[in-house]
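Right, one structure below, let's go through it.
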Amino acid sequence: MRPEDFDYICRMLRDRSGLVLNQDKGYLLESRLTPVAQRHGLAGLDALIAKLRAGGDDALSVEVTEAMTTNESFFFRDEHIFTGFRDSILPRMMEARAAHRHIRIWCAAASSGQEPYTLAMILKDAGAKLDGWKCEIIGTDISNQILKRASDGLYSQFEVQRGLPVQLLVKYFEKDDQMWRIAPEIKSMVHYRKFNLLENMSILGSFDIVFCRNVLIYFDQVAKGDILGRIAQLMPADGILILGGAESVVGISDQFIPDPDQRGVYCKSNAGQSAPVATYTTKLAATSANLAQATPPQSPVTAVTLTAAPASAPGPAAAAPAPVISAPRPAAPATAALAASTPTAAVKPAAPAPMTPAAAPSVPAAAKPAPTTPATTVSPLAKPPAPAGTSVPGTGPAKPSAAPADDSGQANRQPQGARN
Ligand SMILES: C[S@@+](CC[C@H](N)C(=O)[O-])C[C@H]1O[C@@H](n2cnc3c(N)ncnc32)[C@H](O)[C@@H]1O
């Protein structure tokens, strides 16, 4: 590939999705885009890039961008996050929202749905404690293809064996030929819509809890800081952000502070109340030349129905939420009747498949996160009292047989020098 073609495709991907592709990850272009070229009857990667450079085919650019995303996900990924959500974050949020009984949760890179459905199962298992509560889960992703999968709620044997406790499999899934179909009662708790993290987030409304996991690792420092800053603006002062195991705010954004008690959990800092930040595009324009063509709006997800989202929770950044896309509700009843005879042993998940990150840009030495000082950090989540009772005994996810790798292909761990 000619260097100018490589530069072109890298710029295109970064401008459209934030993905940073380093020279050493060039092989990913070959492996992920050759099938795209074949689908379009093109001789290979060079021909595909020539067609992109000729312009005028936005659908092709969207397809190429989607093909370069890494969609790795699994149920209860990073078990401690979901235990913390169930036993600490949710009870505290319920306490804080007792007056209006409304909690909005955003899975900002929902991929094939395992993360939002994990949350939905936890909320469902909270049972009567959430009676009278409205808990919204919005799952968004840049990829139409992966959102279609999430909306379908169909998972392979391999996928349900990764982290999902067997009692939840029995309770909330039913066999559909060779696949497992998630119960309508869980599926209907999650609303999906296509959304690019580089775009204006205010159309989504405000969120009490944001899961933005295992996506920022693909972006550069400017994009990470910008996205975190804009997420902060969507949250009330006591909003909670949850990042992936290889991600951190430290050295990137002063809008959040790590929760000293929960790895991967972040609370808004006072800086989170600061003035709006410039959009990524604005910052990008200042740092490098943009593609000649502006990224046009992308087409909406098909095969899902549009419903109006209910009013958002009050908060400083509250805005009327845009219509959200909800998964179609199958008529078949859920399989909850099986729950009475649920075995207690969890499925032992297979070791996660090796992941092939599109890019995992390293933090420049100067920007390396400094060690945090948890002792002086004030966190709304610190030292929780007895949980408000949302704990569901015996439903903890199975321990993976090997430490799950993160999307950079490494065992989950915090960046050097920053435990959170
Ligand atoms: C590795 S998956 C993470 C899934 C899930 N959050 C988890 O941790 O298991 C990353 C997802 O981010 C999505 N993504 C990549 N760039 C994005 C962008 N600019 N806006 C929204 N989603 C994006 C990809 O399509 C992919 O599904």
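When you line the sequence shown up against the working numbering, it's residues 13 to 432, in that order.
Glycine included, each C-beta is placed from N, C-alpha and C at the ideal position.
### Query
Taking the alpha helix (DSSP H) that residue 74 falls in, what are its first and last residues?
Mapped onto the sequence shown, residue 74 falls at position 62. From DSSP, the alpha helix (DSSP H) with residue 74 extends over 70 to 79.
### Query
Among 275, 240, 125, which has the Cα closest to the Cα of residue 96?
Here the question's residue 96 lines up with position 84 in the sequence shown. Per the Cα distances, 275.
### Query
Closest to residue 110 by CA distance: which of 141, 90, 80, 134 is it?
For the purposes of this step, residue 110 is taken as residue 98 along the sequence shown, with counting starting at 1. Considering only alpha carbons, the answer is 141.
### Task
Hey, could you find the ends of the alpha helix (DSSP H) residue 268 is sitting in?
For the purposes of this step, residue 268 is identified with residue 256 of the sequence shown, where counting begins at 1. No alpha helix (DSSP H) contains residue 268, which is instead part of the beta strand (DSSP E) from 268 to 270.
### Task
Drop a sphere of 10 angstroms on the beta-carbon of residue 92, count the other beta-carbons inside from all chains shown, and report buried for 16 or more, exposed for fewer.
Working through the sequence shown from its first residue, we reach residue 92 at position 80. Classification for residue 92: exposed.
### Query
Is the number of C-beta pairs between the region 159 to 173 and the region 215 to 227 that are closer than 8 Å three or more?
no
### Query
Which first and last residues belong to the alpha helix (DSSP H) in which residue 18 is found?
The sequence position of residue 18 within the sequence shown is 6, counting from 1. 15 to 29 is the extent of the alpha helix (DSSP H) around residue 18.
### Query
Should residue 257 be labelled buried (16 or more other beta-carbon atoms within 10 Å of its own) or exposed?
Numbered from its first residue, the sequence shown carries residue 257 at position 245. Buried: at least 16 other Cβ atoms inside 10 Å.
### Task
Go ahead and label residue 30 buried or exposed: buried means 16 or more other beta carbons lie within 10 angstroms of its beta carbon, across all protein chains shown.
As a first step, residue 30 must be located in the sequence shown, where it is residue number 18. By the neighbour-count criterion, in which 16 or more other beta carbons inside 10 Å mark a residue as buried, residue 30 falls on the buried side.
### Query
Are there 16 or more other CB atoms within 10 angstroms of the CB of residue 167, so buried, or fewer, so exposed?
On the sequence shown, residue 167 is found 155 positions in, with the first residue counted as 1. Buried, by the Cβ-count rule.
### Message
DSSP three-state label for residue 166, please.
### Response
By 1-based counting over the sequence shown, the position of residue 166 is 154. Correct three-state label for residue 166: strand.
### Query
What do you reckon, are the CB atoms on residue 204 and residue 194 nearer than 8 Å?
Along the sequence shown, one-based indexing puts residue 204 at 192. Along the sequence shown, one-based indexing puts residue 194 at 182. No.
### Task
For residue 58, count neighbouring C-beta atoms within 10 Å of its own C-beta (all shown protein chains included) and say buried if the count is 16 or more, exposed if not.
Within the sequence shown, residue 58 is the residue found at index 46, counting from 1. Exposed: under 16 other Cβ atoms inside 10 Å.
#### Entry: Backbone CA spacing between residue 187 and residue 129 [nearest angstrom]
For the purposes of this step, residue 187 is identified with residue 175 of the sequence shown, where counting begins at 1. For the purposes of this step, residue 129 is identified with residue 117 of the sequence shown, where counting begins at 1. Going by the C-alpha atoms only, they are around 17 Å apart.
### Query
Do three or more CB pairs link the region 221 to 232 to the region 116 to 124 at distances below 8 Å?
Between the region 221 to 232 and the region 116 to 124, the count of C-beta pairs closer than 8 Å reaches three or more; the two stretches touch.
### Message
Counting C-beta neighbours from all protein chains within 10 Å, is the total for residue 127 16 or more, i.e. buried, or is it exposed?
### Response
Reading the sequence shown from its first residue, position 115 is the one you call residue 127. Classification for residue 127: buried.
### For residue 156 and residue 78, believed in contact at Cβ under 8 Å, the rounded distance
Sequence index remark: in the sequence shown, residue 78 carries index 66 (1-based). Sequence index remark: in the sequence shown, residue 156 carries index 144 (1-based). About 7 Å separates the two Cβ atoms, so the contact holds.
### Message
Counting beta carbon pairs with one atom in the region 237 to 245 and one in the region 60 to 75, are three or more of them shorter than 8 Å?
### Response
By the C-beta criterion, the region 60 to 75 is judged not to be in contact with the region 237 to 245, since fewer than 3 inter-stretch pairs fall below 8 Å.
#### Entry: Any alpha helix (DSSP H) of 4 or more consecutive residues that is wholly inside the region 117 to 195
126 to 137, 156 to 164, 169 to 172, 178 to 184
### Query
From residue 22 to residue 53, what does the alpha carbon distance come to, in whole angstroms?
Counting from one through the sequence shown, the residue named residue 22 turns up at place 10. Counting from one through the sequence shown, the residue named residue 53 turns up at place 41. Taking the straight line joining both Cα atoms gives about 23 Å.
### For residue 263 and residue 189, the rounded distance between their alpha carbons
Position 177 of the sequence shown, counted from the start, is the residue given in the question as residue 189. Position 251 of the sequence shown, counted from the start, is the residue given in the question as residue 263. In a straight line, the C-alpha of residue 189 is about 48 Å away from that of residue 263.
### Message
From the DSSP secondary-structure annotation, give me the bridge partner or partners of residue 221.
### Response
Within the sequence shown, residue 221 is the residue found at index 209, counting from 1. Residue 221 is bridged to 117, 252.
### Query
Where does residue 352 sit, in a helix, a strand or coil, going by DSSP?
Reading the sequence shown from its first residue, position 340 is the one you call residue 352. Note that residue 352 scores 29 on pLDDT, short of 50, meaning its location in the model is unreliable and no value can be drawn from it.
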